[in-house]
Each structure stands twice: as structure tokens, then as C-alpha cells.
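The listed protein sequences derive, respectively, from chains A and B. Going by this note's numbering, the first sequence opens with residue 215, and the numbers climb by one from there. Going by this note's numbering, the second sequence opens with residue 215, and the numbers climb by one from there.
There are 2 protein chains.
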Amino acid sequence: MSSQDLKALKDQKESLLKNFESFKSRELALDMTRGKPCPKQLDLALPMLTSVSETNYKAANGTDCRNYGGLDGISEAKTLFSQYLEVNEDEIVIGGNSSLNLMHDTMVNAMIYGVCDSEKPWGKLPKVKFICPSPGYDRHFSICETLGIEMIVVSMDDNGPDMDQVEKLVSEDDSIKGIWCVPKYSNPTGITYSDETVLRLSSMKTKASDFRIFYDNAYSYHHLTDERPKLSNILERCKESGNPDRVFIFGSTSKITFAGGGLSMIGSSKTNIDYIKSKIAFQTIGPDKINQLRHVRFFEDLAGLENHMVKHAQILKPKFEKVTEILEKELSGLSIATWSDPKGGYFIDLDTMNGCATRVIALADEAGVKLTPAGSTYPLKKDPEDKNIRIAPSLPEVDELELAMEVLSLCIKLATIEIA
Amino acid sequence: MSSQDLKALKDQKESLLKNFESFKSRELALDMTRGKPCPKQLDLALPMLTSVSETNYKAANGTDCRNYGGLDGISEAKTLFSQYLEVNEDEIVIGGNSSLNLMHDTMVNAMIYGVCDSEKPWGKLPKVKFICPSPGYDRHFSICETLGIEMIVVSMDDNGPDMDQVEKLVSEDDSIKGIWCVPKYSNPTGITYSDETVLRLSSMKTKASDFRIFYDNAYSYHHLTDERPKLSNILERCKESGNPDRVFIFGSTSKITFAGGGLSMIGSSKTNIDYIKSKIAFQTIGPDKINQLRHVRFFEDLAGLENHMVKHAQILKPKFEKVTEILEKELSGLSIATWSDPKGGYFIDLDTMNGCATRVIALADEAGVKLTPAGSTYPLKKDPEDKNIRIAPSLPEVDELELAMEVLSLCIKLATIEIA
């Protein structure tokens, strides 16, 4: 920002502090820490609770969903969600209620056994590294952290991870075994990977022959506008590039039906899927087939799921608009923050000036607005520039969001003055 | 058997073979491979499917079970199932649909991180061994096998594992990190551990300071008669013996409500539970709370669950009785097989003469009766005496069981003649 702008901001300090005290006295208690659906969104899926009842608990092929059996999910769930993930029906496993669990187990199994084409279990190697495009999703990074996998930060741009950096890294270092990706409406930056990025990820030369893309397609149908960026089909690109086993695609209905009461799924080459099933066989006798049947009964087909997501957008869009409206009203022209304008997903990504984010979040907390802790969007929770803030607009009501964004804007101004 | 008995049996050979051909011509297709509940048992829990509906999805404390949150389960599920496992409410985690998954993950985490008081992760040690009382549950043994844990067979008697053997082994070898147990209506022998066995397990001196009992209490309320053996409370015994963190107790409603659509749980000391929760936090955002609420709504309380199990017994008891009736009719007095008369659980355990089991099961298969593969009840599927057969009476109808047991008895006679 210009020194003139800074002086103007500093001149307001006293009135800003007065505002801050006034917010504090209101004893707000607003929670925007996580991307939780709001009750109205959850209401949309209420009929699913009774879509399987005392008289219709059998799958289309006659399977009694109340009994044991079926390691990879019921047939109609594989049909529906293979379309959802854009893979073949023999390229999917439908799991339990948590795609994070599938990702964690996939990584743990790679450490213990290796992936299907590993020479050694990853955990037996002196060093395992993963590329972590950042800002990204904290729970991906936590899996690496807890398993002792070294994380290499690569920056994100409007097309996805910086592919020049990625290609250079993976071509030189065979201890780099994979990369985390949220390819559509990325968490938190909101961008969708360009066709070129998907192609380069699929076709790049990797020094590790058993390199894997952990592709968390958590928001594939989570559009906010009619402008729906098309994501290139990575499994097809991998096959065309001669790397058919490179990608694990994860999906979930946690933000479609019920958060924690949904389904998870993994799509990949048949070779990978067969290998994964051989490992799952030691873990469980099978997933909750009744909940899978509930989902298929409720959606009927992919068009039904898409229609359902339009209703989510109708609830979410005004919330995202309110966030950007207040940020624009309070901060535009000041050059002290920039923020994203996502076309889908769950987050608005905001950057303060360097060195401000921790202070902003502490101030907001003091004023009763809880935000995702500073640094969370980076490996080891260390944002090197201390500037990134993830805003999760889904849970609060619109009027609460207005208030929360006024508080946040005020805290950004105050923190900027403090460090300037 | 006496040579006279054998001669009498051999004299029947021709008529036995004729019977066998006659069974074969009937093209039976009876499956007794696994302990699957029958449809009538599953019907008992049908009201659970709609016990959570569009208007009552909140837990007693107001938690919206449709949303994220709550790593260890909803409060009322912890209340009910802590009574079920006989632990305190802060000594339990309610998981997803599979207790096998909880056991697997507990073992995997011990390999990767160690248990709470380990000096090193078990996977970093040159050797890890587990005691496997046998005959036992094949899926326990498979977990050890896939993780490269060496299995030490210890024999089972009417009071549980041979504790003289167990005590000697664990006192001498610090690479023995644990033991698998099915303490009530044991799979497959049907016995319940005596108070003395539980006490000795709890109090024995182990060379490994981080020794663990993996205590799969899968059949704790699965009585078949009014004669209900009481299992001593192992967590209390461990605490009294100064080994409070020694035991992980696993439970499941897979054979209470829906197989694969139930709940799993782990009970242990608070220290262990806190450690487990710290690991689960990397795996998942939380379990399916809606299904937990369904269960609590359906049972209301532990008395409700107990009443429910009485209805299961009414269905299962005639099946178990039919199995023993036919075995007695066909085989008693011949001294070519012995079998259990369990007071609960899911299995009747049968021993043929040494070296017969594989052949019996192959013959039965030829005649259209599928049984659990020979050897399954031993580590690495190797029954050293090739004599143990696990009979799972729950799934077939009584008339099918009659037929299947006639076939089995016939095959036992034929196999005995072959090896004699």
C-alpha cells in the first residue's frame, strides 16, 4: 500500500479501536473455523433418512443390505458413483462415511505395503516426501505429518499447483512419492485445475516409478454459479500418458447429504482398485450397505444428484456473496488484502499483508469471531508469509456473516496498522 | 476308535458311498461358511431403520447428528455401550460399522506409532509376536499375517487359553506384544473364560512392558440358554493388578442389529482411549452419528438390548439343537468325532480324527455343503492335526441344517474310513 493510504488508515486508528471495543461488548460467538454445512443444507437430504425402510432393504440384484458381504459396495452405488467420479464401474470402491479415512488408509497401506508397483513399502525407505501445493487442506498435511512424510510446499496459482516447480521436483528426487491435490474448487483457493495442469500431472516424468497423485475431488459438483469449469478426466489422461496407475481419486457425499453420515469412494485404475481391495479385505468385512442403498434410493441417478446440488447452491450463494460484499465495502481500494471469488466449493481465500494473519485471527477471536487458525492452510501449520486466511461461509446465517466480515475487516485494518 | 468299531464302519462303506451319491444327485447348495445372521434375525431390528426420521435427528444434548463433529461418538451411545462393555463413559470410543476395522487400525497404529507406553513403534522392532489361542478367529490371525507379526499357537481348553503356556511365553520373550482373545462364547470353541483365566491374563508378568490383550468380546450378550456364564470384568482386573492399560476390549452390534450396518466400539483405560483418540483424529472427522442415534433410539437402554438378544436366541437355539441332534444321531458312540455344546455365540466346534478335516470339507463341498475351509481356525490356516471344523448354524433354515449335518456326518464317516 502507498504511504499515503497507510497514513489515512493510521489516522482512523482511534475510531477503529472504538469500533473494536463496541464489537467486543456485543459478546458475539460466531464460528467459521470449518466448512460445515448449515442446517438448511442438511434439511435437503432429510428424505434420505427414510429412503430405506422396513420393506425395501434389498439392493436391485437381491442383496440383503442388512447382512454381511460385498467388500467394495453395492452394485447400484458403484454405478452411480462411478459416473460421479468419471471412472468405470470396476474402477471404484464405495467405502464408509469418511473419505479422509480412505485417504489415510491408502497412505498408511502405502507406508506398510507399498502401492501395487512399489519395490519396497514406502515406510522402509530412508525418506518419503510428498508435494503439498499450498495453501491447501490441513487434514491432508496432517496425515503426512503424523506418518513422518516430509512435505514440500509448492505454490498454487489460478491453474493449480505451479507445474514448473512440480515437474522439476519429481524428475529429480525419487523419494518424492506423491502429491496432494484438490482439483476442483480447490480448498481453500477455489480454483479449478486447468486442462494443461491435469495433463502435466498425468504425463510428467517422475523419478519414483511408483509416484501417486492423491486427488481429493471433494467439491466436484459443488457449484455456486452456472459458470461450471470442466475438470479434465485425470484417470483417462493418466492412461493415455502410459501412467495408468498414477492417480487415486477420492470423493465423498459428506457435503452432499449428511456430513459424517455420507459415503466415501475411491476411483482408480482396475489394477490399483484390485490391490486396494486385497488390503481392505484385512480391515473389514464390508461397508455399511444400507447407507449406500439410502443414497442411491434418494438420488435415483446422477441427474438427481446434480439437481440436489443446485439446491445447495441456492443456500450457499447468498452467503458467499455477503462475504465478498462486506470485504469489498470495507477493504476495496485499501490494498491491504486480496480475496478469491470462487465459482464453487466451500471457501473464500483471503490474503492479508505479510505478517498479519496470526494477529488478525487473534483479534477476531477476541471480538467473538472464530476463524480457522492462522497457518492451517500450510504444512506444519506454518504459513511462511503469515498472510493466508481461510473463510468458511457455509455454516453461519447471512446476517451473522455480515457481522463476522465486518469484524474481520476491522481486524485486518487494525493488524495492518500494528505492523506497518 | 476301537478296531472293532472301525471294522463295523468299513463294512458300511458301500452303503455310505451310495448315500453320498444320492446326496450329490440332489444338487444341494447350502452355505455354512460364515457366522451370518439369518433374515429372521435381521428382521428383529427392522424398526431401527426408521428410528431416526426427518423430525428426530438430534441427540439428547442437541447435537445435530447430520453434521460434522464428535470424534468418539454421541453421548447416549457412549452411555449405552459403556454399560454393554462394562467400562466407564470416558473409557470408550464408538466407531463405524466394523469392529474388525477397529482391531485392524489398533494393530496398525501400534506398528506405526506403538501403543501409549511403547518405547518404540512395534514396526521398528526386529520381531513382533502375538499369542494366538487356537482354534480361534481367522480374521484376527489374518491381521497378524498381513502385518508380518509372528503367531504363536497356544491351545484352548474349557477355561480359555492354556494359561500355563501363556504365562511362560510372555514372561520369557519381550517380542511377544500381545494376545488375541474371544473371551465369551469363544469363536469357535464356544467356551467362556473362567474368572481365573481373566485374572491370570490381567495380572501375569510380561517381559514386554507394553503388552496388550486384544479382547474381542463379540458375543457378550449372545446367549442361547438361560445358563449365562458371567465373564469377569477384565478392565477392572487389569486395574487392580497394576496393569491398567493392558487390555483393548472390542465390541460390535453386527450380530445384534444389522451385520455390516451396526456399530463398533472399543473400551479401555482412559489413558489408552485418549491415545487412541489422538490417532483417530488423523483418520476421520468422526463416525456416522446418525447410525449411532438409530441404535440408541431402537434399544432405549441396556435392558432393551438384552430383551432383543432373547429374541435372537429364540431363532438360533432350534438351529443349534438341530445340529447337535443330527451329530448325535449319526456319530455318537462311534468315537470318530467330538463336538461342542455351546451356551451362546455363533458356532459349534467339531473335531474329527486327526488328518480328516480337509477331506471332510472337500467331500461336503462335493455334495453341495460349503463349510469354513479346513485350517481356518488356526494361524496361517494350518491346523497341525487337520481335525478342526467350525460349524456356523445361524444362516440356514432348520430343515437345511438337518440335511447339511447328515451330509457332514456322512463325510466324516467316509473320510475316517479313507485314512484308517
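Beta carbons are placed, not taken as given, at the ideal position from N, Cα and C, and that holds for glycine.
Alpha carbon of residue i to alpha carbon of residue j, nearest angstrom
{"i": "B/Lys398", "j": "A/Gln528", "result": "54 Å"}
{"i": "A/Leu230", "j": "A/Ser217", "result": "19 Å"}
{"i": "B/His318", "j": "B/Arg573", "result": "32 Å"}
{"i": "A/Asp376", "j": "A/Lys224", "result": "37 Å"}
{"i": "A/Lys584", "j": "A/Cys346", "result": "26 Å"}
{"i": "B/Ala274", "j": "A/Leu256", "result": "19 Å"}
{"i": "A/Leu594", "j": "A/Glu359", "result": "7 Å"}
{"i": "A/Ser546", "j": "A/Asp565", "result": "13 Å"}
{"i": "A/Thr552", "j": "A/Lys601", "result": "10 Å"}
{"i": "A/Pro251", "j": "A/Ala324", "result": "32 Å"}
{"i": "B/Leu413", "j": "A/Pro340", "result": "43 Å"}
{"i": "A/Arg604", "j": "A/Asp371", "result": "16 Å"}
{"i": "B/Asp331", "j": "B/Thr485", "result": "10 Å"}
{"i": "B/Asp278", "j": "B/Gln497", "result": "21 Å"}
{"i": "A/Glu364", "j": "B/Tyr327", "result": "17 Å"}
{"i": "A/Gly465", "j": "A/Asp430", "result": "6 Å"}
{"i": "B/Leu383", "j": "B/Ser369", "result": "13 Å"}
{"i": "A/Asp579", "j": "B/Asp388", "result": "50 Å"}
{"i": "A/Thr293", "j": "A/Ile504", "result": "16 Å"}
{"i": "B/Gly350", "j": "B/Glu228", "result": "36 Å"}
{"i": "A/Glu454", "j": "A/Ser417", "result": "8 Å"}
{"i": "A/Lys531", "j": "A/Gly456", "result": "40 Å"}
{"i": "B/Asp515", "j": "A/Arg511", "result": "31 Å"}
{"i": "B/Thr264", "j": "B/Leu541", "result": "42 Å"}
{"i": "A/Leu314", "j": "A/Lys421", "result": "27 Å"}
Of the listed residues the options, nearest to residue i (C-alpha basis)
{"i": "A/Lys334", "options": "A/Glu454, A/Ser356, A/Phe425", "result": "A/Phe425"}
{"i": "B/Asp459", "options": "B/Ser483, B/Ile631, B/Ser608, B/Ala273", "result": "B/Ser483"}
{"i": "A/Gly374", "options": "A/Ser546, A/Phe355, A/Thr403", "result": "A/Thr403"}
{"i": "B/Thr320", "options": "B/Ser348, B/Leu383, B/Leu361", "result": "B/Leu361"}
{"i": "A/Met637", "options": "A/Tyr351, A/Ser296, A/Gly476", "result": "Residue 637 of chain A lies beyond the residue range present for chain A, which begins at 215 and ends at 634; the question has no answer from this structure."}
{"i": "A/Ser608", "options": "B/Ile463, B/Pro532, B/Asn281", "result": "B/Asn281"}
{"i": "A/Val637", "options": "A/Ser267, A/Leu285, A/Glu441, A/Asp488", "result": "For chain A, the structure presents residues 215 to 634; residue 637 of chain A sits outside this window and is missing."}
{"i": "A/Leu242", "options": "A/Gly309, A/Glu539, A/Lys627, A/Ala618", "result": "A/Ala618"}
{"i": "A/Asp613", "options": "A/Ala422, A/Gly283, A/Leu244", "result": "A/Leu244"}
Check whether residue i and residue j have beta carbons under 7 Å apart
{"i": "B/Ile427", "j": "B/Val307", "result": "no"}
{"i": "A/Asn311", "j": "B/Asp502", "result": "yes"}
{"i": "B/Phe237", "j": "B/Ala629", "result": "no"}
{"i": "B/Lys557", "j": "B/Thr439", "result": "yes"}
{"i": "A/Gly589", "j": "A/Ile633", "result": "no"}
{"i": "B/Phe513", "j": "B/Leu519", "result": "yes"}
{"i": "B/Lys536", "j": "B/Leu615", "result": "yes"}
{"i": "B/Ser549", "j": "B/Met215", "result": "yes"}
{"i": "A/Glu303", "j": "A/Ser296", "result": "yes"}
{"i": "B/Thr591", "j": "B/Thr247", "result": "no"}
{"i": "A/Val461", "j": "A/Leu445", "result": "no"}
{"i": "A/Lys343", "j": "A/Ile393", "result": "no"}
{"i": "A/Ile494", "j": "A/Leu285", "result": "yes"}
{"i": "A/Phe561", "j": "A/Ala517", "result": "no"}
{"i": "B/Gly309", "j": "B/Tyr433", "result": "no"}
For residue i, the first and last residue of its enclosing alpha helix (DSSP H)
{"i": "B/Gly518", "result": "516-545"}
{"i": "B/Lys601", "result": "Segment: none, B/Lys601 is in no alpha helix (DSSP H) and carries neither H nor E."}
{"i": "A/Lys341", "result": "It is not in any alpha helix (DSSP H) - A/Lys341 carries neither H nor E in the DSSP assignment."}
{"i": "B/Glu364", "result": "Careful: B/Glu364 lies outside any alpha helix (DSSP H), inside the beta strand (DSSP E) at 364-371."}
{"i": "A/Ile494", "result": "484-497"}
{"i": "B/Ser478", "result": "Element bounds for B/Ser478: not the alpha helix (DSSP H) but the beta strand (DSSP E), 478-481."}
{"i": "A/Thr360", "result": "352-360"}
{"i": "A/Leu628", "result": "612-633"}
{"i": "B/Leu223", "result": "217-225"}
{"i": "A/Ile575", "result": "571-580"}
{"i": "B/Asp257", "result": "253-257"}
{"i": "A/Asn505", "result": "503-513"}
Residue span of the beta strand (DSSP E) that contains residue i, given as start and end
{"i": "B/Met246", "result": "244-246"}
{"i": "B/Val583", "result": "583-585"}
{"i": "A/Ile562", "result": "562-566"}
{"i": "B/Thr552", "result": "551-553"}
Any non-hydrogen atom of the ligand PLP within 6 Å of residue i CB
{"i": "A/Asn457", "result": "Judged by which ligands are present, the structure shown has none, so any question about the ligand PLP falls away."}
Please give the ranges of any alpha helix (DSSP H) in the region 273-336 of chain B, keeping only runs that are unbroken, at least 4 residues long and fully inside the region.
Listed in chain order, they are 289-299, 313-327.
What residue ranges within the region 387-469 of chain A form continuous beta strand (DSSP E) runs of no fewer than 3 residues, ordered along the chain?
Within the region 387-469 of chain A, the complete beta strand (DSSP E) runs of at least 3 residues are 390-395, 426-430, 461-466.
Could you run through the region 275-294 of chain A and flag, in chain order, every residue whose CB is less than 9 Å away from some CB of chain D?
The structure shown contains no chain D; the protein chains it does contain are A and B.
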